[in-house]
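Chemist: Questions regarding the structure given below will be posed in turn.
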Amino acid sequence: MGILGPVGALLARIYRRASGGGRSRVFSGVRGLSSITYPELKVCIIGSGPAGFYTAQHLLKYHELAVVDIYEKLPVPFGLVRFGVAPDHPEVKNVINAFTQTAHHDRCSFYGNVTVGKDVSIEELKQAYHALILTYGAEANRTLGIPGENLLGVYSARTFVGWYNGLPENRNLDPELSSETAVILGHGNVALDVARILLSPIDLLKKTDIAAHALEAIAASKVKRVLLVGRRGPLQVAFTIKELREMINLPDTHPLLHPSDFEGLKQIVKDLPRPRKRLSELMIKAALEKSPAKEAERQAAASKEWGLQFLRSPLEVIPSNDGKRVAGIRLSVNKLEGLGESAKSVQTEDIEDLECGLVLSSIGYKSHPIDPSVPFDEQQGIIPNNLGRVLHAPGLYCSGWVKRGPTGVIVTTMHDGFETAESVLEDVRLGLLDVSASKGGYKAVEVLLKQRGIRPVSFSGWEKINGVEVANGEEAGKPREKLLDVQEMIEVANQ
Ligand code: FAD
């Protein structure tokens, strides 16, 4: 029945049929409930990734008079579903179908090419809407904070992923792929995505929506060996079983797993929670239970290899003789203190150097403040909130990675979006969100954007971009060939 409750829902339905529109609607003539006002709820969502779309979906479903406008800084929607999810995982991108349905809802609008905090301020949006929901994700990098981090050949995984996924700001990265060994710092799913893309047979990548420049560069890449370095042990890795299995089964590659890293773990994993147990068992099987004959055969046949290095932390990126580019990475050898997921890594005095020409740091994403008027917890890199209600800021809400930090998959973000939408609806119900005044919504914002020379891209504008991308992809036998230039996107959208 939803948040309105049975009587509310009935009233809203009755009135929707009887009324032509208007800001607030008066129900009359229903026995015992002679005059109830259901005010329109104007909501502005900032960011069109999963958090934005799932929050919108829930609000539209459970508040029959909610009008939701989604603002997005890029001309194209869907956030990390378009620019993060690996090109060889098309099934994950199916959520776009549900988001498209939401965008087509008659009370939902999309305004791309509008950067909130720059093109329009939070204060201005507050004047135009009853509620603002910040869902702008986590776009900054966590830095390594070690010498040599700025050498040529060191990139954040965020930038590298943006490059192969056609994110306009990363399209000119032109990463250094001319050496045989790449080191990825991190043991999460993004690290495995990057390793897989670096090592995948080009014939597999060709059929994905990977950016053409990345396909060309990876086809010419000399990288043959990818080492994934983590500061803790096999029982603390952050990647999941599906991604590990894909690596183990990656054609033309051979896994480098040192049996000594896994000895004695079999006994321990028996008592671990099921997902961690299954993941650990798969690693142990790949490292210890392989048939030597088959392994030798696979190794001989494979032209590339990848490995997991445990209990190592980066100390310094070692420069080449000319001091310009990466020649290797210096690692401290760690030991573990404590047990299980909360075990801590402690550096020992031992040091190890790894020769490599490419270093990708996959140590996490970070949110940043977009407007000084919004509270921000710099330490945790999130907007401080209670179930999505921004603390000490009535009318402001948040959801997704900017609410809880950059962890979790799309489904986690979906639940998070629903939770925030529930908070908004509860505040409306309890009278905690002021919906008494009429708000101008997009009409009020449009005036400001016009004055500032901003041309927003509508959802139908995005659909034109989509059409061009799909058509360009068809020529190349790919699901799409993404447009990379923001100006070109805007031109196509406005044709
Ligand atoms: P985002 O998806 O980042 O969306 C934020 C949106 O806000 C973006 O569109 C951004 O352009 C916009 N924005 C930013 N600033 C502004 C501003 N000032 N004004 C207006 N708009 C703004 N999950 C899975 O389930 N499966 C996977 O395979 C998977 N792969 C992943 C791969 C990578 C590399 C990464 C990083 C994540 C992956 N995830 C995956 C996780 C998933 O992408 C996240 O859970 C989800 O995208 C978080 O949603 P969000 O809406 O909070 O942030």
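Heads up: the sequence shown at position 377 corresponds to 376 in this note's numbering, and the numbers run straight through without jumps. Every residue gets a Cβ at the ideal spot worked out from N, C-alpha and C, and that includes glycine. Note that this is a predicted model, so its numbers are computed, not measured.
(1) Is the distance from the Cβ of Cys397 to the Cβ of Ile409 below 8 Å?
(2) Between the Cα of Val373 and the Cα atoms of Ile317, Ile132 and Leu198, which residue gives the shortest distance?
(3) Rounded to a whole number of angstroms, what is the C-alpha to C-alpha distance between Gly152 and Gln308?
(4) For Ala130 versus Ser361, is the C-beta distance shorter than 8 Å?
(5) Report the rounded CA-to-CA distance for Gln450 versus Val444, giving the unit in angstroms.
(6) Could you give the distance in angstroms between the alpha-carbon of Leu64 and the alpha-carbon of Pro38?
(7) Among Phe52, Tyr128, Lys72 and Arg230, whose alpha-carbon lies nearest the alpha-carbon of Cys43?
(8) In terms of residue numbering, what span does the alpha helix (DSSP H) encompassing Phe458 cover?
(9) Sorted by chain position, which residues of the same chain lie with C-beta nearer than 8 Å to Tyr163's C-beta, five sequence neighbours on each side aside?
(10) Could you give the DSSP three-state label for His253: helix, strand or coil?
(11) Cβ of Lys303 within 7 Å of any heavy atom in ligand 1?
(12) Just tell me which of Val115, Ser120, Gly187 and Gly147 has its CA closest to the CA of Gly136.
(13) Cβ of Asn112 within 8 Å of Cβ of Val456?
(14) Let me check you understand the geometry: is the CB of Pro49 closer than 7 Å to at least one non-hydrogen atom of ligand 1?
(15) Can we say the region 318 to 336 touches the region 346 to 363, given the rule of at least three CB pairs closer than 8 Å?
(16) Check for me: the beta strand (DSSP E) holding Val318 runs from which residue to which?
(17) Count the other C-beta atoms from every protein chain shown that fall within 10 angstroms of the C-beta of Ala492, then say buried if there are 16 or more, exposed otherwise.
(18) Are Leu357 and Ala156 close, meaning C-beta to C-beta below 8 Å?
(19) State yes or no: is the C-beta of Ser138 nearer than 7 Å to some heavy atom of ligand 1?
(20) Going by DSSP, what residue range makes up the beta strand (DSSP E) through Thr180?
(21) What is the rounded straight-line gap between the Cα of Thr347 and the Cα of Lys334?
(22) Confirm, please, whether the CB-CB distance from Leu227 to His186 is below 8 Å.
(23) Distance, Cα to Cα, Lys241 vs Arg170?
(24) What's the gap between the Cα of Glu71 and the Cα of Ser108?
(25) Are Pro318 and Gly147 close, meaning C-beta to C-beta below 8 Å?
(26) Assess contact between the region 118 to 128 and the region 464 to 474, defined as three or more Cβ pairs (one per stretch) separated by less than 8 Å. Is contact present?
(27) Indicate the three-state DSSP secondary structure (helix, strand or coil) for Thr419 in the structure shown.
(28) Starting from the C-beta of Gly48, find all residues in its chain whose C-beta is less than 6 Å away, skip the five residues before and the five after it, and write them out in chain order.
(29) What residues match up with Cys107 in a beta bridge as DSSP calls it?
(30) What's the gap between the Cα of Lys477 and the Cα of Lys206?
(31) Assign Val446 to buried or exposed, taking buried as 16 or more other Cβ atoms, counted over all protein chains shown, within 10 Å of its Cβ.
(32) Report the residue from Gln298, Phe238 and Gly339 whose alpha carbon sits nearest the alpha carbon of Ile267.
(33) Rounded to the nearest angstrom, what separates Leu58 and Leu184 at their Cα positions?
(34) Is the beta carbon of Asn471 less than 8 Å from the beta carbon of Glu462?
(35) Starting from Gly152 and walking both ways along the beta strand (DSSP E), at which residues does that stretch end?
(36) For Tyr364, list the residues DSSP reports as bridge partners.
Modeler: If we stick to the structure as given:
(1) 8 Å or more divides the Cβ of Cys397 from the Cβ of Ile409.
(2) The shortest Cα separation from Val373 among Ile317, Ile132 and Leu198 belongs to Ile132.
(3) The straight-line gap from Cα to Cα measures roughly 20 Å.
(4) No, the pair does not count as a contact, with Cβ atoms beyond the cut-off.
(5) Cα-Cα distance, rounded: 10 Å.
(6) C-alpha separation (whole angstroms): 7 Å.
(7) Residue Tyr128 is the option with its Cα nearest to Cys43.
(8) It spans Phe458 to Ala475 - the alpha helix (DSSP H) in which Phe458 sits, taken as one unbroken run.
(9) Closer than 8 Å at Cβ, skipping near neighbours: Pro86, Ile196, Ile209, Ala210, Ala213 and Ile217.
(10) Strand at His253.
(11) Lys303 Cβ: outside cutoff for every heavy atom of ligand 1.
(12) Minimum Cα distance to Gly136 is reached at Val115.
(13) Cβ distance < 8 Å, so Asn112 and Val456 count as in contact.
(14) Yes, the Cβ of Pro49 comes within 7 Å of a heavy atom of ligand 1.
(15) Yes, since at least three Cβ pairs between the region 318 to 336 and the region 346 to 363 fall closer than 8 Å, the two stretches touch.
(16) The sequence given here places Pro at residue 318; Val does not occur at that position. In the DSSP assignment, Pro318 falls within the unbroken beta strand (DSSP E) covering Arg311 to Pro318.
(17) Result: buried.
(18) No, they are not a contact pair.
(19) The residue asked about is misnamed: residue 138 is Glu in this sequence, not Ser. Relative to ligand 1, Glu138 has its C-beta within less than 7 Å of a heavy atom.
(20) Segment Thr180 to Leu184, the beta strand (DSSP E) holding Thr180.
(21) Looking at the two C-alpha atoms, the distance is approximately 7 Å.
(22) Result yes, Cβ atoms of His186 and Leu227 sit closer than 8 Å.
(23) Cα-Cα distance, rounded: 29 Å.
(24) The C-alpha of Ser108 is placed about 11 Å away from the C-alpha of Glu71.
(25) Contact: yes.
(26) Contact fails between the region 118 to 128 and the region 464 to 474, because fewer than three Cβ pairs, one in each stretch, are under 8 Å apart.
(27) Helix, per DSSP.
(28) The residues are Gly78, Leu79 and Gly136.
(29) DSSP lists Val67 as the beta-bridge partner residues of Cys107.
(30) If you draw a straight line from the Cα of Lys477 to the Cα of Lys206, it comes to about 5 Å.
(31) Counting the other Cβ atoms within 10 Å of the Cβ of Val446 gives fewer than 16, which makes it exposed.
(32) The residue from Gln298, Phe238 and Gly339 with its alpha-carbon nearest to that of Ile267 is Gly339.
(33) Their backbone Cα atoms lie some 40 Å apart in a straight line.
(34) If you check the CB distance, Asn471 and Glu462 do not come in under 8 Å.
(35) Membership of Gly152 in any beta strand (DSSP E) is not indicated, and neither H nor E is assigned to it by DSSP.
(36) The partner list for Tyr364 (beta bridge, DSSP) reads Asn140.
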